[in-house]
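Taking it in order: structure first as structure tokens, then the write-up.
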Amino acid sequence: MRQVLKDILADFHTSPLQVVTPRELELPLNSGKAISLIGPRRSGKSFYFFHLMHQLVSSGVPKTNILYLNFEDERLNLKAEDLDNVLKAYHELYPDTNWKECYFFFDEIQNISHWEKFARRCYDSYTRNLFLTGSNAKLLSMEIATAMRGRTLTFEILPLSFREYLSFKKVNYSKQDSATKAKIGRLFHAYLEEGGYPEVVLLPDSLKTQALQEYFDVMTYRDLVERYSFTNLPVVKYFLKRLANTTGSYLSLNKLYNELRSQGYKLDKNFLYEANEAAKAVYLSIPVSKFDFSELKRANSDKKNYFIDNGLLNAITFKFSKDYGKLLENLCYLELRRQKREIYYYKDTKECDFVLFEKDRPTPLQVSYSITDPDTYERELTGLLHACKKLKSKKGVIISTTPRPDEKIEGVQVSHVAALDFVFRQEREF
Numbered sequence: 005m006r007q008v009l010k011d012i013l014a015d016f017h018t019s020p021l022q023v024v025t026p027r028e029l030e031l032p033l034n035s036g037k038a039i040s041l042i043g044p045r046r047s048g049k050s051f052y053f054f055h056l057m058h059q060l061v062s063s064g065v066p067k068t069n070i071l072y073l074n075f076e077d078e079r080l081n082l083k084a085e086d087l088d089n090v091l092k093a094y095h096e097l098y099p100d101t102n103w104k105e106c107y108f109f110f111d112e113i114q115n116i117s118h119w120e121k122f123a124r125r126c127y128d129s130y131t132r133n134l135f136l137t138g139s140n141a142k143l144l145s146m147e148i149a150t151a152m153r154g155r156t157l158t159f160e161i162l163p164l165s166f167r168e169y170l171s172f173k174k175v176n177y178s179k180q181d182s183a184t185k186a187k188i189g190r191l192f193h194a195y196l197e198e199g200g201y202p203e204v205v206l207l208p209d210s211l212k213t214q215a216l217q218e219y220f221d222v223m224t225y226r227d228l229v230e231r232y233s234f235t236n237l238p239v240v241k242y243f244l245k246r247l248a249n250t251t252g253s254y255l256s257l258n259k260l261y262n263e264l265r266s267q268g269y270k271l272d273k274n275f276l277y278e279a280n281e282a283a284k285a286v287y288l289s290i291p292v293s294k295f296d297f298s299e300l301k302r303a304n305s306d307k308k309n310y311f312i313d314n315g316l317l318n319a320i321t322f323k324f325s326k327d328y329g330k331l332l333e334n335l336c337y338l339e340l341r342r343q344k345r346e347i348y349y350y351k352d353t354k355e356c357d358f359v360l361f362e363k364d365r366p367t368p369l370q371v372s373y374s375i376t377d378p379d380t381y382e383r384e385l386t387g388l389l390h391a392c393k394k395l396k397s398k399k400g401v402i403i404s405t406t407p408r409p410d411e412k413i414e415g416v417q418v419s420h421v422a423a424l425d426f427v428f429r430q431e432r433e434f
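Quick note: to get the numbering used here, add 4 to the position in the sequence shown (first position is 1).
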């Protein structure tokens, strides 16, 4: 095993670093903290590592001072007791290297049991320059926080934002000429449907759906079935498809349980709750709580579900391919999450898509693809004003592709924001 590790490490040092398109995320290289980078599978975590390595090498760090290992490398079959061989193999290759000047990059390390103890030992005894990635938010963030006890910083990377999408498409969006603006408008609608998985964005259109379906299969089999030892595969796949179909709304697990039983599936109700938690942990779905000023009530509320990527959503369900309203709502949720907003929804007799909570002030927000139809506008406005009244908010926001001028209604300042502007601009508008 040690020789295999030495071969892998040496291959990395003798091969050129992969050229990558920079992302908007900025991680500190010399913070003195262990850095954890979490996000869905194939969202670009490994390539972001390569970006950091380029920065290190450009600043004068010898490439041999970088220990990089992808724990999903098919040449490896590491167990917890093998982890010490990683350090021994590196030391045998470079016996004169000062450990404290090294940078450790461990990719998908959560695949190894008791990895957190190894990470803590690396940090305490070898180098403070420790970087970790993982596709399981629950495992990585909880276990590293417990092991490192305040010595870690955790960052999240999602599929491409629209600005990053334009960069991958080689569009110079700083140009303001009419041709560039028209191209950005066309690409926005493509992005709305195909999402932002980095590899998929660069594929020919004819291959995008197949690639995304394969992503879904890997997430299903490797991240859910294998990791969580789920044996009822037909139920897992049925559950995930139903979860996708309820994007932007609610999935009652009790109703789903009865639905499955009526179709002849044999299962324990607890299995659905376990599968739901697992889907959240691996970033397939993201729950949003109902807003309440009580933190406990928010935690115990019914959850709306959003999906990690519009392209993945379209690839596994036919429902959303032309439902631009739901696609835009999902897209806006993901952008709000990138902005690190505290996001909820509002519902009693009426409903509002989102409530943003900042500095103890709630701001209701509606998303509608188009509000040119008077009935649609009236419905969206009524839900927004109702939420503003109940939450004592003097401001509300409507995001659409057909924005109206800002207006003041019933004492509420209603800001209309163009969807393209919302996902395009880096600064917060509300």
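Built from N, CA and C at the ideal position, the CB exists for glycine as well.
Note that the structure is predicted; figures quoted are calculated from it, not measured.
- For THR137, there is no enclosing alpha helix (DSSP H); the enclosing beta strand (DSSP E) has its first and last residue at 134 to 138.
- Here ALA422 has PRO407 as same chain residues with Cβ atoms under 6 Å from its own Cβ, once five neighbours each way along the sequence are excluded.
- Shown here for GLU160: same chain residues with a beta carbon closer than 6 Å to its own, the five before and five after excluded, namely ILE42 and GLY43 in chain order.
- Ranked by Cα distance from PHE311, the options LEU300, GLU299 and VAL286 are led by VAL286.
- LEU360 sits buried, since 16 or more C-beta atoms from the chains shown fall within 10 Å of its C-beta.
- Excluding residues up to 5 positions away in sequence, nothing lies with its Cβ nearer than 6 Å to the Cβ of GLU96 in the same chain.
- For the beta strand (DSSP E) assignment, the uninterrupted runs of no fewer than 3 residues enclosed by the region 98 to 163 are, from N- to C-terminal side, 107 to 111, 134 to 138 and 156 to 160.
- Your pair LYS245 and THR321 checks out as a contact, with CB atoms roughly 6 Å apart and the cut at 8 Å.
- Around the beta carbon of GLY415, fewer than 16 other beta carbons sit within 10 angstroms, so the residue counts as exposed.
- Shown here, LYS399 sits in a strand according to DSSP, grouped into three states.
- Under the three-state reduction of DSSP, GLU346 is assigned to coil, being neither helix nor strand.
- Taking C-beta separations shorter than 6 Å and ignoring five residues to either side along the sequence, the partners of ASN115 in its chain run PHE75, following chain order.
- Within 10 angstroms of the beta-carbon of PRO378 lie fewer than 16 other beta-carbons, which makes it exposed.
- With a contact defined as Cβ atoms closer than 8 Å, MET57 and ILE70 qualify at about 6 Å.
- As for any beta strand (DSSP E) of minimum length 3 sitting wholly inside the region 345 to 429, the runs are 347 to 351, 355 to 362, 365 to 371, 399 to 404, 411 to 413 and 416 to 422, ordered along the chain.
- Excluding residues up to 5 positions away in sequence, PHE192 lie with their Cβ nearer than 6 Å to the Cβ of LEU424 in the same chain.
- Counting every other CB atom within 10 Å of its CB across the protein chains shown gives THR235 a total below 16, marking it as exposed.
- Restricting attention to ARG342, GLN217, LYS294 and SER298, the CA atom closest to the CA of GLY252 is found in LYS294.
- Take the alpha-carbon of SER19 and the one of ARG27: they are about 23 Å apart.
- With a minimum length of 4 residues, the unbroken runs of alpha helix (DSSP H) contained wholly in the region 163 to 237 fall at 166 to 172, 182 to 198, 202 to 205 and 209 to 222.
- Look at ASN89 here: in three-state DSSP terms it is helix.
- Where ILE320 is concerned, the enclosing alpha helix (DSSP H) starts and stops at 314 to 320.
- Counting along the chain, PHE434 sits inside no alpha helix (DSSP H), nor does DSSP assign it H or E at all.
- Relative to the Cα of TYR242, the nearest Cα in the group SER233, PHE275 and ARG231 belongs to PHE275.
- Per DSSP, the beta-bridge partners of LEU71 are PHE108.
- Boundaries for LEU257: no beta strand (DSSP E) harbours it, while the alpha helix (DSSP H) harbouring it runs 257 to 266, taken from the DSSP string.
- Here the C-alpha atom of LEU211 lies approximately 42 Å from the C-alpha atom of VAL418.
- Here ILE148 is not near THR137, since their CB atoms are 8 Å or more apart.
- Less than 8 Å separates the beta-carbon of ARG45 from that of SER139.
- Of all alpha-carbon atoms in ASP86, ALA194, VAL222 and ARG365, the one lying nearest the alpha-carbon of SER117 is that of ASP86.
- Contact between LEU33 and LEU60 holds, since their C-beta atoms are separated by about 7 Å, short of 8 Å.
- Beyond the five residues adjoining it in sequence on each side, ARG132 comes within less than 8 Å, by CB distance, of GLY36, LYS37, ALA38 and LYS104 in the same chain, given in chain order.
- Straight-line measurement puts the Cα of LYS330 at about 40 Å from the Cα of ALA151.
- Secondary structure note for SER62: its alpha helix (DSSP H) is the uninterrupted segment 49 to 62.
- Nearest in C-alpha terms to GLY154, of all of LYS179, TYR127, ASN334 and LYS308, is TYR127.
- In summary, GLY48 is buried, with 16 or more beta-carbon neighbours lying within 10 Å of its beta-carbon over all protein chains present.
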